[in-house]
Amino acid sequence: MPVYEYKGINEKGKNVKGVKEADNKRALKSLLRKEGIFPTDIYEEKVGKATKTKVSGDGKAQGDGDSWLNKEFDFAKYFQRVTLQEIALFTRQLSTLLAAGIPLVESLTALVDQTDNEKFKRILSQLKDRVNEGSSFADALREHDSLFSDLYINMVRAGETAGNLEVVLIKLADFTENQMKLRGKIQGALVYPAVMSGIGVIVVIILMTFVVPKITKLFEDINATLPIYTRILIGISHAFQSYWMFILPFIGLVIYFLRRYLKSEKGIEQFDQVVLRVPIVGRLTRMIATSRFAGTMSTLLSSGVPMLSAMGIVQTIVGNRVIARVIEDAKNNVREGESLAIPLRRSGEFDPIVGHMISVGERSGHLEEMLQHVSDAYENQVDDRINALTSLLEPLILVVMAVVVGFIIISIMMPILQINNAIR
Numbered sequence: 189m190p191v192y193e194y195k196g197i198n199e200k201g202k203n204v205k206g207v208k209e210a211d212n213k214r215a216l217k218s219l220l221r222k223e224g225i226f227p228t229d230i231y232e233e234k235v236g237k238a239t240k241t242k243v244s245g246d247g248k249a250q251g252d253g254d255s256w257l258n259k260e261f262d263f264a265k266y267f268q269r270v271t272l273q274e275i276a277l278f279t280r281q282l283s284t285l286l287a288a289g290i291p292l293v294e295s296l297t298a299l300v301d302q303t304d305n306e307k308f309k310r311i312l313s314q315l316k317d318r319v320n321e322g323s324s325f326a327d328a329l330r331e332h333d334s335l336f337s338d339l340y341i342n343m344v345r346a347g348e349t350a351g352n353l354e355v356v357l358i359k360l361a362d363f364t365e366n367q368m369k370l371r372g373k374i375q376g377a378l379v380y381p382a383v384m385s386g387i388g389v390i391v392v393i394i395l396m397t398f399v400v401p402k403i404t405k406l407f408e409d410i411n412a413t414l415p416i417y418t419r420i421l422i423g424i425s426h427a428f429q430s431y432w433m434f435i436l437p438f439i440g441l442v443i444y445f446l447r448r449y450l451k452s453e454k455g456i457e458q459f460d461q462v463v464l465r466v467p468i469v470g471r472l473t474r475m476i477a478t479s480r481f482a483g484t485m486s487t488l489l490s491s492g493v494p495m496l497s498a499m500g501i502v503q504t505i506v507g508n509r510v511i512a513r514v515i516e517d518a519k520n521n522v523r524e525g526e527s528l529a530i531p532l533r534r535s536g537e538f539d540p541i542v543g544h545m546i547s548v549g550e551r552s553g554h555l556e557e558m559l560q561h562v563s564d565a566y567e568n569q570v571d572d573r574i575n576a577l578t579s580l581l582e583p584l585i586l587v588v589m590a591v592v593v594g595f596i597i598i599s600i601m602m603p604i605l606q607i608n609n610a611i612r
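Here's what the structure looks like:
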């Protein structure tokens with residue numbers, strides 16, 4: 189097994205070095221990560237040689253005479269997506285390296301070697317090159333704005349200006365991880381209802397397409413008098429069988445045009461208005477938007493981003509056009525010298541307590557802290573609402589499925605029982 193000498197940074201920001209055995213460079217990186225070490229240099233100790241050779245990204249020493257056939261090719265890795273989790277991890281690791289006094293270019297170099305995602309590795313390498321050429325880190329990030337949000341870029345710019353980039357990066361990592369947790373909770377709450385609904389639809393289609401026609405043929409053969417609900421069931425089943433080639437394209441067209449409409453500005457805004465009026469869902473949507481608004485504003489303001497710039501960023505991430513328009517109107521009022529709390533309270537889209545807490549924060553000079561309190565409070569409420577909604581949806585879906593399947597069974601069984609009684 190090859191022996192490697194490494195240098196790196198531990199979780200406390202101290203320089204460390206050592207010697208380890210590993211199958212290849214990638215395996216060594218994994219071992220070091222588990223020990224909380226970020227490697228900056230890895231060298232393979234060559235047997236019988238006094239010199240050490242720096243290894244390349246695939247774990248093979250640079251300059252050796254091995255054939256290119258020994259290299260591993262994994263074409264799938266070139267089509268990888270960069271996840272929010274990878275961005276959060278990169279941000280936290282970069283903060284640790286900068287806090288240890290390592291220059292930005294050297295820190296980015298270490299993280300390029302550390303990253304397994306080939307797409308992210310290329311992006312980080314481009315960032316490193318741009319910074320090395322004299323560009324600011326924020327300007328380099330702006331060239332990849334499809335990956336790094338306006339919030340991320342503006343916070344980095346504020347951190348560079350204030351000279352506390354490592355502190356801002358910690359806040360960014362915390363914020364990104366909190367958003368991931370919130371998104372995960374929402375998605376997790378929807379998984380079970382979606383799966384159960386899908387199973388229910390499949391069961392009904394199978395019953396209506398294959399089971400019901402075979403049984404109803406018996407009724408037609410004996411000219412039995414059928415109750416109204418059985419005739420309705422037979423009609424639906426007949427429509428499934430006879431007109432499926434028209435029904436499926438029609439459903440596809442409806443979905444296509446609905447999706448197109450919901451992607452338009454007018455469609456998105458009308459949909460968001462409807463969502464806010466739906467019982468339970470509207471309240472949950474408003475609480476999520478409030479938590480995002482307050483938490484993001486707190487993070488931006490505490491990082492040195494100006495109020496108007498922060499509001500411009502926040503209105504793009506609240507997730508609802510109606511509330512985003514309220515924030516835009518509030519920004520215009522703040523530009524004219526009005527307090528932030530007043531237009532938010534006047535809009536009616538934010539709870540009165542939110543306006544009150546922001547007003548107290550503005551008067552006391554602790555707006556960032558008060559906004560964070562608002563965000564934390566609403567995040568806890570969102571957790572409670574999601575748990576309650578999940579608990580409500582599970583039995584509700586089961587009841588709906590039971591009613592539909594029960595209707596089919598009763599519609600089939602009742603005529604059979606009537607025929608059986610008539611024969612007796």
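With this note's numbering, letter number 73 in the sequence shown gets 261, and the count goes up by one each step, no holes. In this text, a Cβ means the ideal position worked out from N, Cα and C, and glycines have one as well.
Taken atom to atom, the span from the alpha-carbon of Leu315 to that of His544 is near 43 angstroms. Pairing Arg448 with Leu441, the inter-Cα distance amounts to about 11 angstroms. According to the DSSP secondary-structure assignment, Glu209 is paired through a beta bridge with Val191. Nearest to Asn521 by alpha-carbon distance, out of Thr504, Leu496, Asn508 and Ala298, is Leu496. Between Gln606 and Met475, the C-beta gap is not smaller than 8 angstroms, which leaves the two residues out of contact. Checking the DSSP bridge columns, you'll see Pro531 has no partner listed. If you draw a 10 Å sphere on the C-beta of Asn508, you find 16 or more other C-beta atoms in it, and that means buried. About 5 angstroms separates the beta carbon of Thr487 from that of Phe363, a gap short enough to meet the 8 angstroms contact definition.
Shown here, Phe336 sits in coil according to DSSP, grouped into three states, outside any helix or strand.
Excluding sequence positions up to five before and after Ala377, its CB lies within less than 7 angstroms of the CB of Ile574, Leu577 and Thr578, all in the same chain and listed in chain order.
Gly492 places its beta carbon 8 angstroms or farther from that of Ala298.
Under the Cβ criterion (8 angstroms, minimum of three pairs), the region 280-299 does not count as touching the region 372-391. In the three-state reduction of the DSSP assignment, Asn198 falls in the strand class. Shown here for Ala276: same chain residues with a beta carbon closer than 6 angstroms to its own, the five before and five after excluded, namely Ala361, Thr364 and Glu365 in chain order. Residue pairing of Phe538 in beta bridges, as defined by DSSP: absent, with no partner found. The region 463-482 makes contact with the region 530-545: 3 or more CB pairs, one atom from each, lie closer than 8 angstroms. Under DSSP, Ile225 takes part in a beta bridge, and its partners are Asn198. The continuous alpha helix (DSSP H) containing Glu365 extends over residues Leu353 to Ile394. Secondary structure of Val293 (DSSP, three-state): helix. By the neighbour-count criterion, in which a residue is buried when 16 or more other Cβ atoms sit within 10 angstroms of its Cβ, Arg318 is buried. Residues of the same chain with a CB within less than 8 angstroms of the CB of Val392, apart from the 5 flanking positions on each side, are Val592, Val593 and Ile596 in chain order.
Residue burial annotation: Ser490 is buried, with at least 16 other C-beta atoms found within 10 angstroms of its C-beta. Taking all protein chains in view, the Cβ of Leu532 is crowded by 16 or more other Cβ atoms within 10 Å, so the residue is classified as buried.
Ranked by Cα distance from Ile604, the options Thr271, Pro415, Lys369 and Leu272 are led by Pro415.
Restricting attention to alpha helix (DSSP H) runs no shorter than 4 residues, the region 392-441 encloses them at 400-409, ordered along the chain. The C-beta separation of Ala529 from Glu557 comes to about 15 angstroms, leaving the pair out of contact by the 8 angstroms criterion.
In the DSSP assignment, Asp317 falls within the alpha helix (DSSP H) that extends over Glu306 to Asn320. Taking the C-beta atoms as reference points, Gln268 is found nearer than 8 angstroms to Asn305.
In this structure Met485 is not in contact with Val510, their Cβ atoms being roughly 18 angstroms apart against a cut-off of 8 angstroms.
Beta bridge pairing from DSSP links Val204 with Gly196.
Taking every protein chain shown into account, the CB of Leu353 has 16 or more other CB atoms within 10 angstroms, so this residue is buried.
Per DSSP, Gly492 lies in no alpha helix (DSSP H) segment and is marked neither H nor E. Non-local beta-carbon contacts of Leu581 in its own chain, meaning distances under 7 angstroms to residues more than five positions away in sequence, involve Pro381 in chain order.
Spanning the alpha carbons of Val207 and Ser324 requires a straight line of approximately 36 angstroms.
Between Glu223 and Tyr192, the beta carbon gap of about 14 angstroms keeps them out of contact (Cβ cut-off 8 angstroms). Straight across, the Cα-Cα distance linking Asn198 with Pro227 is about 9 angstroms.
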